[in-house]
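Asker: Those protein sequences? They're chains W and S, same order as listed. Going by numbering that gives the first Met the number 0, the letters in the first sequence line up with residues 0 to 231, in that order. Going by numbering that gives the first Met the number 0, the letters in the second sequence line up with residues 0 to 245, in that order. Just so it is clear, CB atoms sit at the ideal spot from N, CA and C, and this is done for glycine as well. Quick caveat, the model's predicted, so the values are computed rather than measured.
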Amino acid sequence: MKALLEGLVQAIGLIIGLDPDLYEIIWFSLYVSGVALSFSILVGIPLGAFLGLKQFLGRRFMMALLYTGMGFPPVVIGLFVYLMFSRSGPVGTLGWLFTPRAIIVAQTIISFPLVAGFTMAAVMGIDPNLRQQLVSLGATAWQATLATLAEARIGVVVAIIAGFGSIISEVGAVILVGGNIEGKTRTLTTAIVLETRKGNFDLAMALGVILLFITFLINLAMIRLQGREFIR
Amino acid sequence: MSADKIIYNLNNFTKVYNDRTVLKIDHLEIYAGEILAVVGPSGAGKSTLLRHLNFLEQPSEGHLTFENNNWNGSAPPLDVRRKVTTVFQRPVLLNRSVAANVAYGLSVRGKRGELAEQAIARALSQVGLEDLAKASARTLSGGEAQRVALARALVVKPDVLLMDEPTANLDPYNVKLIEQIITTVNQKHNTTVVLVTHNVFQAKRLAHRTAFLLDSRLIEVTDTLTFFNSPKDSRTAAFVRGDMIY
Numbered sequence: 000m001k002a003l004l005e006g007l008v009q010a011i012g013l014i015i016g017l018d019p020d021l022y023e024i025i026w027f028s029l030y031v032s033g034v035a036l037s038f039s040i041l042v043g044i045p046l047g048a049f050l051g052l053k054q055f056l057g058r059r060f061m062m063a064l065l066y067t068g069m070g071f072p073p074v075v076i077g078l079f080v081y082l083m084f085s086r087s088g089p090v091g092t093l094g095w096l097f098t099p100r101a102i103i104v105a106q107t108i109i110s111f112p113l114v115a116g117f118t119m120a121a122v123m124g125i126d127p128n129l130r131q132q133l134v135s136l137g138a139t140a141w142q143a144t145l146a147t148l149a150e151a152r153i154g155v156v157v158a159i160i161a162g163f164g165s166i167i168s169e170v171g172a173v174i175l176v177g178g179n180i181e182g183k184t185r186t187l188t189t190a191i192v193l194e195t196r197k198g199n200f201d202l203a204m205a206l207g208v209i210l211l212f213i214t215f216l217i218n219l220a221m222i223r224l225q226g227r228e229f230i231r
Numbered sequence: 000m001s002a003d004k005i006i007y008n009l010n011n012f013t014k015v016y017n018d019r020t021v022l023k024i025d026h027l028e029i030y031a032g033e034i035l036a037v038v039g040p041s042g043a044g045k046s047t048l049l050r051h052l053n054f055l056e057q058p059s060e061g062h063l064t065f066e067n068n069n070w071n072g073s074a075p076p077l078d079v080r081r082k083v084t085t086v087f088q089r090p091v092l093l094n095r096s097v098a099a100n101v102a103y104g105l106s107v108r109g110k111r112g113e114l115a116e117q118a119i120a121r122a123l124s125q126v127g128l129e130d131l132a133k134a135s136a137r138t139l140s141g142g143e144a145q146r147v148a149l150a151r152a153l154v155v156k157p158d159v160l161l162m163d164e165p166t167a168n169l170d171p172y173n174v175k176l177i178e179q180i181i182t183t184v185n186q187k188h189n190t191t192v193v194l195v196t197h198n199v200f201q202a203k204r205l206a207h208r209t210a211f212l213l214d215s216r217l218i219e220v221t222d223t224l225t226f227f228n229s230p231k232d233s234r235t236a237a238f239v240r241g242d243m244i245y
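Now the structure itself:
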């Protein structure tokens, strides 16, 4: 309990004191997770909408793959990305290992199945007759899909929140492929691991509190996106 | 009603789902500006016919021509497809305001702004829902929802209005209102109306011609007076008398 309180006090001190190292870590965490989430949204929402709306051969197989991806241990994905980018790996010549790019790749692979899976579930929850009725009103297939996604917006935003939550709080894969290099690939989570190992529980707690606070703020902003103007 | 101009022409039309023929019409002409009622028991193929007339599905065999154009089994181009719209038996409204629902057909056509707003207001007043413009579509009763569905169809000024059991399960007030709108739209704008109904009295009240579908086949189509007073086919007569059990 003492560590918690001291952590909280120190966190406030660090934030108010505009500690440049801290801000760099926060900025870096948001940067890699933000870019990874953007890629996940770009791939995951269209994929989720496609799987949720279209009937085709192999759909169940694709869904099973996606569900597996949603529960895939991030550290295993980290290992996979590590091996891909290691010097002897298939894309080792890119030299991305222990750079922000490798973290972004790993985080994208971790979060896009969540974004796609929850989007698919949200879209499947929309009345299947809606699409036909919109097309009958003159919508193109694309316009009808956009309107269906807008109808499913509460679930789609949950998909984005889940995707973001899975990577901003992830540590195993980030340490493996990023290496936790100070000033280069250190994120809030890897910094927490490091400070805990060093016995700096106050600083670790402070970083934890900051991570929670940032996640809370971002989720608050996303809830606004759900646009529940028709609460009854 | 101009009885000469044919808007739809179905020839040797067949629709098959999984080896089961769900609709087979050797020949059917629909005239521009008429109200054609399609009656028949459930499962006769009435809704399947409407989906084809709205180009939501394509025939398995045969031809469906619209305004003398045969699209050979593919959906017609967007501008042609947008001349036709359907009011469904169970409308699915968007989780937005009533006005936003009516706006949908206009917005997909790129029509926004003052003129669109006026058209939306007119359509809402036509169905008697101007007071509910800002209400959430999810809070409406069944009759109100069906009137919103009618307004969102009318606002795009369709050449052809297809209606699939639009008044099933509605109270007499809403039935009367919707029937009046159908008649008005047909008379004022010369809109072709194809009305699917299981209610023969509704067909009698509204339609210029009536068609009878039974077991996926077109049994008879003729002017409504003849249809009810002296049908040619004994099955039509039995259906009109109410002797047909379904």
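Residues of chain S with a CB under 7 Å from the CB of I150 of chain W: which are they?
Answerer: Just to set this straight, residue 150 of chain W is Glu in the shown sequence, not Ile. The answer, in chain order, is L93 and N94.
Asker: Starting from the Cα of A120 of chain S, find the closest Cα among S:V38, S:A98, S:S135 and S:L161 and give me that residue.
Answerer: Comparing Cα-Cα distances from A120 of chain S to each of S:V38, S:A98, S:S135 and S:L161, the minimum goes to S:A98.
Asker: Pull up the distance between the alpha-carbon of I14 of chain W and that of G207 of chain W, whole angstroms please.
Answerer: Looking at the two C-alpha atoms, the distance is approximately 13 Å.
Asker: Determine the closest residue to F200 of chain S out of S:D214, S:L224 and S:L212, with distance taken between C-alpha atoms.
Answerer: Closest option to F200 of chain S, Cα to Cα, is S:L224.
Asker: Going along chain W in order, which residues have a C-beta closer than 8 Å to the C-beta of T248 of chain S?
Answerer: Chain S is shown only over 0 to 245; residue 248 of chain S falls outside these bounds and no answer can be derived.
Asker: Flag L136 of chain W as yes if its beta-carbon sits less than 8 Å from any beta-carbon of chain S, otherwise no.
Answerer: Judged by the 8 Å Cβ criterion, L136 of chain W is in contact with chain S.
Asker: Applying a beta-carbon distance threshold of less than 8 Å, which residues of chain S neighbour D233 of chain W?
Answerer: The structure shown has nothing for residue 233 of chain W, since chain W only spans 0 to 231.
Asker: On the DSSP bridge list, what partners appear for D163 of chain S?
Answerer: The partner list for D163 of chain S (beta bridge, DSSP) reads S:V195.
Asker: What residue does the alpha helix (DSSP H) around E194 of chain W start on, and which one ends it?
Answerer: Per DSSP, E194 of chain W belongs to the alpha helix (DSSP H) from L187 to K197.
Asker: Below 8 Å between beta carbons: does that hold for L212 of chain S and G44 of chain S?
Answerer: Cβ distance < 8 Å, so L212 of chain S and G44 of chain S count as in contact.
Asker: Which residue or residues does DSSP assign as beta-bridge partners of K23 of chain S?
Answerer: Note: K23 of chain S sits in a beta bridge opposite S:T13 and S:R216.
Asker: In angstroms with no decimal places, state the Cα-to-Cα distance between A48 of chain W and Q9 of chain W.
Answerer: Rounded to the nearest angstrom, the two C-alpha atoms are 45 Å apart.
Asker: Decide if M119 of chain W is buried, meaning its Cβ has at least 16 other Cβ atoms within 10 Å, or exposed.
Answerer: Buried, by the Cβ-count rule.
Asker: Y103 of chain S CB to nearest chain W CB: under 8 Å?
Answerer: Y103 of chain S counts as touching chain W.
Asker: Confirm, please, whether the CB-CB distance from S39 of chain W to F111 of chain W is below 8 Å.
Answerer: For F111 of chain W and S39 of chain W, yes; Cβs fall inside 8 Å.
Asker: Please list, in chain order, all residues of the same chain as S124 of chain S whose beta carbon is under 7 Å from its beta carbon, the five residues on each side excluded.
Answerer: Excluding sequence neighbours, S124 of chain S sits near nothing in its chain.
Asker: Out of W:A138, W:F212 and W:E5, which one is the CA nearest neighbour of G109 of chain S?
Answerer: Of the listed residues, the one whose Cα sits closest to G109 of chain S is W:A138.
Asker: Take I166 of chain W and list the residues in its own chain whose beta-carbon comes closer than 6 Å to its own, dropping the five residues that flank it on each side.
Answerer: S32, A35, Q106, I109 and S110.
Asker: What does a CB cutoff of less than 7 Å around L202 of chain W pick up in its chain, not counting 5 residues either side in sequence?
Answerer: For L202 of chain W, where only same-chain residues beyond five positions count, the Cβ hits under 7 Å are Q9 and E194.
Asker: Per the contact definition of three or more C-beta pairs closer than 8 Å, is the stretch 24-33 of chain S in contact with the stretch 89-96 of chain S?
Answerer: Touching, no, given that fewer than three Cβ pairs across the two stretches are closer than 8 Å.
Asker: Give me whichever residues DSSP pairs with S135 of chain S in a beta bridge.
Answerer: Beta-bridge pairing links S135 of chain S to S:S96.
Asker: When the cut-off is 8 Å and only beta carbons count, does F229 of chain W lie next to chain S?
Answerer: At F229 of chain W the pLDDT is 44, less than 50, meaning the model places this residue with poor confidence; the figure from the coordinates comes in the next sentence. At least one chain S Cβ lies under 8 Å of F229 of chain W.
Asker: Determine, using beta carbons only, whether V156 of chain W and M204 of chain W come nearer to each other than 8 Å.
Answerer: The answer is no: Cβ separation not under 8 Å.
Asker: Evaluate the contact criterion for the stretch 134-149 of chain W versus the stretch 88-102 of chain W: three or more CB pairs, one atom per stretch, below 8 Å.
Answerer: No, the stretch 134-149 of chain W does not touch the stretch 88-102 of chain W.
Asker: Helix or strand or just coil, what does DSSP make of A151 of chain W?
Answerer: Correct three-state label for A151 of chain W: coil.
Asker: With three or more C-beta pairs closer than 8 Å as the rule, is the stretch 82-93 of chain W touching the stretch 14-24 of chain W?
Answerer: Output reads no: the stretch 82-93 of chain W does not touch the stretch 14-24 of chain W.
Asker: Classify Y66 of chain W as buried or exposed, calling it buried when 16 or more other Cβ atoms lie within 10 Å of its own Cβ.
Answerer: Answer is exposed; the Cβ neighbour count stays below 16.
Asker: Among the residues of its own chain, which have a CB less than 7 Å from the CB of M61 of chain W, if the five just before and after it don't count?
Answerer: L50, listed in sequence order.
Asker: State the Cα-Cα distance for the pair N179 of chain W and E5 of chain W, rounded to the nearest angstrom.
Answerer: Roughly 25 Å separates the two Cα atoms.
Asker: Of the residues that make up the stretch 55-69 of chain W, which ones have a beta carbon closer than 9 Å to any beta carbon in chain S?
Answerer: Cβ contacts with chain S: none found.
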